[in-house]
Amino acid sequence: MKEHRTTSLLATIALLSSFFLVENASAQKFSSDEGHVEFRSHVPLHSFTGRSDELIGAVNLETGTVDFYVDLETLRTGNGKRDKDMRKALGTNEYPFAEFYGTLSSTFDPEKEGPQDAAVSGTFTVHGVPQPLELIGTMEMKDGDLIVLAAWSVFLEDHKIKPPRLLIIKVDDEQQITINIRLGPDN
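Counted from 1, the sequence shown has number 98 at position 99 by numbering that gives the first Met the number 0; the numbering is strictly sequential.
In structure tokens form, the structure reads like this:
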């Protein structure tokens, strides 16, 4: 009788352990469609910011892959004419998305508290032109979610984008991009 209880107890522990292992393995993939992306642009004596809260992202900690993209039509600068000029320069009719796809080139410990530096190597594509990109951002586990923050510069010329201009005033070639996204575990 005692042996039967011990076997049942061991079977229960094994079952619970396998549940937690499966739960932990599924918590290696995270995604969201509610991230925030901004670009900051300059013209002489003025700067402006374009924003979207429709950044879509996925991170797979098991494979180390990351994928973030945004529909460029969702970017808003607060000025309708400027938004129209921006979409024209980006060619959003033909190239509606900007995307970064890459792999983590640093380690990330999901058990560690606080933000951790995350190095990523990949390709950033906008206006249909891919360019290699290496960047360092941060990743942090918080309440079971994965928070990703990153910032980098993009040069319009590298993506064959002709900067919008008004008479002799032209948008700077360099654009600063930032992302902030909270990704939930995939089930």
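Heads up, the beta-carbon is just placed ideally off N, CA and C, and yes, glycines get one too. The structure displayed is predicted, hence computed values, not measured ones.
- Within its own chain, the residues whose Cβ lies closer than 7 Å to the Cβ of ASN59, once the five positions on either side in sequence are excluded, are GLN27 and LYS28, listed in chain order.
- GLN130 counts as exposed, since fewer than 16 other C-beta atoms from the protein chains shown sit within 10 angstroms of its C-beta.
- Taking the C-beta atoms as reference points, ALA97 is found no nearer than 9 Å to PHE107.
- When ILE180, PHE154 and ASP185 are compared, the shortest CA-CA separation from ASP171 is found for PHE154.
- Assignment of beta strand (DSSP E) within the stretch 83-171, counting only whole runs of 3 or more residues, yields 96-103, 115-125, 128-141 and 144-154 in chain order.
- In the assembly as shown, VAL36 is a buried residue. Its beta-carbon has 16 or more other beta-carbons within 10 Å.
- In the three-state scheme derived from DSSP, where H, G and I count as helix and E and B as strand, LEU60 is classed as coil.
- By the Cβ neighbour-count rule, ILE135 is exposed, with fewer than 16 other Cβ atoms within 10 Å of its own.
- Rounded to the nearest whole angstrom, the C-alpha separation of PRO184 and LEU145 is 8 Å.
- With contacts defined by Cβ atoms closer than 9 Å, VAL128 and LYS159 form a contacting pair.
- Following the DSSP letters along the chain, one finds GLN27 in no beta strand (DSSP E), marked with neither H nor E.
- Just so you know, the alpha carbons of GLU53 and ARG81 end up roughly 20 Å apart.
- Around the beta carbon of GLY143, a 10 Å sphere encloses fewer than 16 other beta carbons of the protein chains shown; the residue is thus reported as exposed.
- If you compare the alpha carbons of THR76, PHE67, ARG86 and PRO162 with that of ALA150, the shortest gap goes to PHE67.
- By the criterion of a C-beta distance shorter than 8 Å, ARG75 is surrounded in its chain by GLY49, ARG50, SER51 and ASP82, once the five residues flanking it on both sides are discounted.
- For LEU148, the closest of LYS161, ILE176 and THR122 by C-alpha to C-alpha distance is ILE176.
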